[in-house]
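Residue 164 in numbering that gives the first Met the number 0 sits at position 165 of the sequence shown, and the numbers go up by one each step. Taking it in order: structure first as structure tokens, then the write-up.
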Amino acid sequence: MKRWIAFLIALSLATAQGVPPVFRLHVIADSNSEADQAIKLAVRDAIIQELGDMDGAQTSQEAEQYAAQHLEELIETANGVLEEEGFPYRATAEIGTFEFPDKTYGDVLFPAGEYRALRIKLGQAEGQNWWCVLFPPLCLLEPVQTEENWQPSDGVEYESFLAGLFE
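Quick look at the structure:
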């Protein structure tokens, strides 16, 4: 319940005042091969599962602190997935401030810019990347439209009840 309250607060702040403080997850594939892109998503899933609710983090700073305290475990999780699937390379992880392009979750746009993130690099980290917002917990709210994957709509217009409350 607390997670959804934090999510609703973040949405209202994003609508009213721009983007609230967030903490992102960023996974970069070794290459753009089909196998490397597939393992990137498997690592992503394992990392999100490992992080769980981040011990009930109530702020982006608490979420970041939780990830920092568990960084070695997260690297082990990523490497476990790579090893289990027979990939010869390893994962590294870091927490820092990184550039991200625009990303939209429902009616909320996170504009391009610098954001704090947990970055997982697989092998040479020269492939396409995947990212989401870990806090507030938006990683599971898919589908997500970015500039790279935007597709024209099918003519159907959708309205968000929550966004309408804050207009």
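Cβ atoms here follow ideal geometry from the backbone N, Cα and C, with glycine treated the same way.
Would you report the Cα separation of residue i and residue j, rounded to the nearest angstrom?
{"i": "GLU33", "j": "ASP52", "result": "30 Å"}
{"i": "GLU71", "j": "VAL107", "result": "32 Å"}
{"i": "PHE22", "j": "ASN31", "result": "26 Å"}
{"i": "THR58", "j": "ILE94", "result": "16 Å"}
{"i": "GLY112", "j": "TRP130", "result": "14 Å"}
{"i": "LEU24", "j": "GLU61", "result": "14 Å"}
{"i": "VAL20", "j": "ASN78", "result": "Inspection of the sequence shows that residue 20 is occupied by Pro rather than by Val. Taking the straight line joining both Cα atoms gives about 29 Å."}
Just to confirm my understanding: we take residue i, look at its own chain, exclude 5 residues before and 5 after, and list those with CB closer than 6 Å. What are they?
{"i": "ASP54", "result": "TYR65"}
{"i": "TYR88", "result": "ASP29 and GLY122"}
{"i": "GLU125", "result": "SER30"}
{"i": "ILE27", "result": "LYS120, ALA124 and ASN128"}
{"i": "GLU83", "result": "none"}
Enumerate in chain order the residues of its own chain whose CB-to-CB distance from residue i is below 8 Å, with the five nearest sequence positions on each side excluded.
{"i": "LEU73", "result": "ILE46, GLU49, LEU50, ALA66, ALA92, LEU117 and ILE119"}
{"i": "HIS69", "result": "GLU49 and LEU50"}
{"i": "PHE99", "result": "ARG23, HIS25, PHE109, ALA111, GLY112, GLU113, TYR114, ALA116 and TRP130"}
Nearest by alpha-carbon distance to residue i: which of the options is it?
{"i": "ASN128", "options": "ARG23, VAL21, PHE22 and LYS39", "result": "LYS39"}
{"i": "ASP35", "options": "ALA90, GLU113, THR96 and GLU98", "result": "ALA90"}
{"i": "THR76", "options": "PHE99, GLU61, ALA41 and PHE97", "result": "ALA41"}
{"i": "VAL80", "options": "ALA37, PHE134 and PHE99", "result": "ALA37"}
Quick one: is residue i buried, meaning 16 or more other Cβ sit within 10 Å of its Cβ, or exposed?
{"i": "GLU63", "result": "buried"}
{"i": "ASP44", "result": "exposed"}
{"i": "GLU147", "result": "Caution is warranted here: a pLDDT of 46 is assigned to GLU147, below 50, making its placement in the model unreliable, and the coordinate value is therefore given only provisionally. Exposed is the call here."}
{"i": "ALA85", "result": "With the sequence shown as reference, residue 85 is identified as Gly, and Ala is not the correct amino acid for it. Burial call: exposed."}
{"i": "ALA56", "result": "buried"}
Would residue i count as contacting chain B if we go by Cβ distances under 8 Å?
{"i": "GLY105", "result": "The structure shown contains no chain B; it holds only a single protein chain."}
Since residue i contacts residue j with CB under 8 Å, what's their CB separation in whole angstroms?
{"i": "PHE134", "j": "TYR114", "result": "Not really, about 11 Å apart at Cβ, beyond 8 Å."}
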